[in-house]
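Numbering (numbering that gives the first Met the number 0), first residue to last: 0 to 632.
In this text, a Cβ means the ideal position worked out from N, Cα and C, and glycines have one as well.
A quick write-up on the structure given underneath.
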Amino acid sequence: MVAFLSAWPWDNLGKYKYVVLGPVFAKAFFSIIYEDFQKDSWCLHIVALYLARCLIYQLWVSYNNMLFITRNRKILEQGVDFNQIDKEWDWDNSLMLHTLMAFIGCYIFPFLQNLPLWDSKGVLTVLLLHIGISEPLFYWVHRNFHNKDYLFTNYHSLHHSTPVQTPFTAGNGSLLENMVLGIIIGIPVMGSSLLGYGSIKLVYGYVLVFDFLRCLGHSNVEVVSHKVFEKMPFLRYILYTPTYHSLHHTEKKTNFCLFMPLFDALGNTLNPSSWELHKKISCNAGKNSKVPDFVFLAHVVDITSALHVPFVFRSIASMPYSIKLFFLPLWPGVFVVMLAMWLKAKPFLVSFYKLRNRLHQTWVVPRFGFQYFIPYATEGINKQIEKAILRADKLGVKVISLAALNKNEALNGGGTLFVNKHPNLKVRVVHGNTLTAAVILNEIPKDVKEVFLTGATSKLGRAIALYLCRRKVRVLMLTLSTERFQNIQKEAPAECQPYLVQVTKYNAAQNCKTWIVGKWITPREQGWAPSGTHFHQFVVPPILSFRRDCTYGDLAAMRLPQDVQGLGSCEYTMERGVVHACHAGGVVHSLEGWTHHEVGALDVDRIDLVWNAALKHGLTPVSSSPSILTKSH
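Listed below in structure tokens is the structure:
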């Protein structure tokens with residue numbers, strides 16, 4: 000049975016929990032429309048304060064996840080995984096509770112409804128009440144939550160259940176401990192008002208500074224320079240640091256203070272390594288962080304999908320991408336950022352994870368999908384990709400894998416441009432298309448005898464056609480170029496060449512129920528497919544699911560092994576733990592320690608080799624149906 004006051008009363012409401020704030024918001028807007036605004040503005044201030052507090056937490060989390068700025072300042076190197084994100088999903092419960100407490104408190108104590116705008120004497124009063132009451136009270140309560148097993152197990156263990164502290168960890172806890180925290184926040188505000196020195200600005204200032212410092216302490220990024228403490232040693236006892244508070248989460252019997260280490264010193268609970276560790280992390284801020292073994296070089300698909308990154312909305316990035324209504328008001332701002340990136344920005348780090356004790360990072364080229372199809376943008380995009388490759392080479396990265404449009408044949412010949420231009424590269428450049436081909440082939444059932452292939456003369460199309468014809472599958476290759484078709488046909492063994500058939504129109508596939516789409520097709524062109532057709536695809540962007548009597552495959556992808564660590568964001572529309580096949584191809588290349596570049600045309604003979612290597616390392620296909628692929632046992 001759940002302990003009294005440990006669970007939140009709106010837990011069962013899920014995403015509809017915000018209805019409990021309905022009376023507060025209704026009263027605020029009702030006062031604006033129907034009542035004297037000056038008389039009842041107090042409720043509007045409560046709503047504004049709630050929204051401002053949410054914004055402070057969100058901005059701090061965004062800053063923590065800006066790895067391109069903070070990667071060298073991290074206290075704990077491990078990433079925030081999906082499990083931690085789910086545990087902290089309702090971090091704002093504490094803010095909702097405090098909003099309701101303030102709403103009820105204003106009715107119990109009517110004088111709080113009529114505070115003046117400003118009273119300068121209130122600042123000193125609030126500071127004295129905070130230092131004299133709130134700080135020692137929090138220290139005493141917090142220490143008891145740890146020293147008494149019943150209290151810790153039932154009311155405080157949730158707060159300590161996540162391995163990496165984040166600003167959202169500050170709000171993640173039980174109902175009881177957040178009720179106590181609400182009282183501690185309220186004491187200076189209430190006390191100054193009772194003494195006649197309260198004011199609206201004072202309430203805003205104290206509460207928002209309180210949240211700012213809470214987020215500071217729970218940040219996994221050190222922001223305070225050790226030089227400040229060296230010049231003014233007394234500050235060590237006045238203001239804690241993220242490093243100081245992180246020790247409380249790793250060594251739970253020390254560093255209990257609210258914001259001031261002075262009370263830990265007085266209570267003999269100050270961790271002796273607090274400032275030494277802080278200096279060490281602060282000194283490392285200017286140094287390069289650990290070099291990754293593997294880098295996946297991605298790009299932005301469109302303007303709204305640019306918001307699908309951890310440093311914008313962590314919770315949204317942890318779910319497969321889909322368009323949200325609240326993205327629309329943000330569109331103009333993202334568009335302005337896009338213009339700025341077009342001129343100045345360079346590839347930047349957005350996420351990382353560990354696999355088999357190897358660090359894997361995702362870098363993003365600041366270019367949008369549509370820009371790859373603008374002829375005059377080609378040179379600039381290749382320069383960005385080249386910068387990323389050379390930077391990876393300089394750092395000592397072993398493998399860099401190019402995503403989707405970054406390896407476009409028309410752009411750079413599937414990466415051959417960079418390998419030819421820089422023949423002495425130590426980093427291996429990989430387009431990952433060999434595994435992409437294998438994933439698509441894995442989806443084709445064993446009993447299929449005929450397929451219709453669009454984009455038939457592309458890198459992937461060629462490899463798929465040659466592989467299938469070797470398995471005695473008839474391939475209808477849609478292409479207007481007889482020369483290119485014949486060149487591919489000549490690559491097939493003589494006895495397999497009859498299985499490759501050139502077609503020039505979509506109506507040639509009106510009796511074929513297996514389509515492999517490598518070139519975007521319109522709904523009208525899909526209309527030639529017979530009922531029951533399955534559309535496999537390796538086209539970016541994916542084709543529209545127009546036919547209700549047909550089925551559509553997803554883009555080629557694989558699921559990462561179960562022992563992956565620190566993975567907390569989804570790759571575009573992929574499910575949790577699933578990555579695009581070209582990403583997975585780079586992972587396999589890295590894990591196998593292959594020393595060749597995988598660029599340009601695909602080696603059909605390596606498809607089975609790469610596929611079996613992926614399975615050996617624990618990567619699994621999203622589709623598990625029996626296929627025509629050869630598997631080793």
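- About 11 Å separates the Cβ atoms of valine 603 and alanine 437, ruling out a contact at the 8 Å cut-off.
- Considering only Thr550, Val539, Pro540, Phe537, the residue with the shortest C-alpha distance to glycine 526 is Thr550.
- Put simply, the region 63–74 touches the region 205–223. At least three CB pairs are less than 8 Å apart.
- Assignment of histidine 616 by DSSP, reduced to helix, strand and coil, places it in the coil class.
- Secondary structure at glutamate 570: coil, using DSSP grouped into helix, strand and coil.
- Within the DSSP secondary-structure output, tryptophan 362 pairs in a beta bridge with Leu296, Leu348.
- Put simply, the backbone Cα of leucine 410 is about 37 Å away from that of aspartate 446.
- In the structure shown, lysine 397 falls within a coil segment according to DSSP collapsed to helix, strand and coil.
- Distance from the CA atom of leucine 174 to the CA atom of serine 457, rounded to whole angstroms, is 59 Å.
- For glutamine 536, the uninterrupted beta strand (DSSP E) run begins and ends at 533–536, by DSSP.
- In this structure the region 249–262 touches the region 232–241; the number of beta carbon pairs closer than 8 Å is three or more.
- Here DSSP, grouped into helix, strand and coil, assigns isoleucine 515 to strand.
- Between histidine 225 and lysine 278, the C-beta gap is smaller than 8 Å, which places the two residues in contact.
- Under the three-state reduction of DSSP output, tyrosine 551 falls in the strand class.
- With contacts defined by Cβ atoms closer than 8 Å, isoleucine 487 and alanine 464 form a contacting pair.
- Secondary structure of alanine 556 (DSSP, three-state): strand.
- Cα atoms of phenylalanine 372 and alanine 583: separation of roughly 25 Å, rounded to the nearest angstrom.
- Under the three-state reduction of DSSP, glutamate 275 is assigned to helix.
- Distance check between glutamate 76 and each of Lys289, Ala2, Gln57 places Lys289 closest, using alpha-carbon atoms only.
- If you check the CB distance, isoleucine 542 and leucine 440 do not come in under 8 Å.
- Residue range 432–441 is occupied by the alpha helix (DSSP H) that includes valine 438.
- Where histidine 579 is concerned, the enclosing beta strand (DSSP E) starts and stops at 577–579.
- According to the DSSP secondary-structure assignment, lysine 353 is paired through a beta bridge with Leu358, Gln564.
- DSSP places valine 450 in the strand class (E or B) of the three-state scheme.
- Around cysteine 53, the same chain offers Asp91, Leu94 as residues with beta carbons nearer than 7 Å, after the five sequence neighbours per side are excluded.
- For the 8 Å CB-CB criterion, leucine 296 and tryptophan 362 form a contact.
- The region 571–578 and the region 309–321 touch, with three or more beta-carbon pairs separated by less than 8 Å.
- Put simply, the backbone Cα of glycine 565 is about 9 Å away from that of serine 350.
- For leucine 114, there is no enclosing alpha helix (DSSP H), as DSSP gives it neither H nor E.
- Relative to the Cα of valine 538, the nearest Cα in the group Gln370, Gly460, Cys468, Trp341 belongs to Gly460.
- Around the CB of glutamate 378, fewer than 16 other CB atoms lie within 10 Å, so the residue is classed as exposed.
- For the pair cysteine 214 and valine 474, the Cα-to-Cα distance works out to about 59 Å.
- In this structure, DSSP gives lysine 251 a state outside helix and strand, which the three-state scheme calls coil.
- The region 108–188 is shown to contain whole alpha helix (DSSP H) runs of 4 or more residues at 120–128, 134–146, 166–170, in chain order.
- Non-local beta-carbon contacts of valine 586 in its own chain, meaning distances under 6 Å to residues more than five positions away in sequence, are absent.
- Counting every other CB atom within 10 Å of its CB across the protein chains shown gives methionine 0 a total below 16, marking it as exposed.
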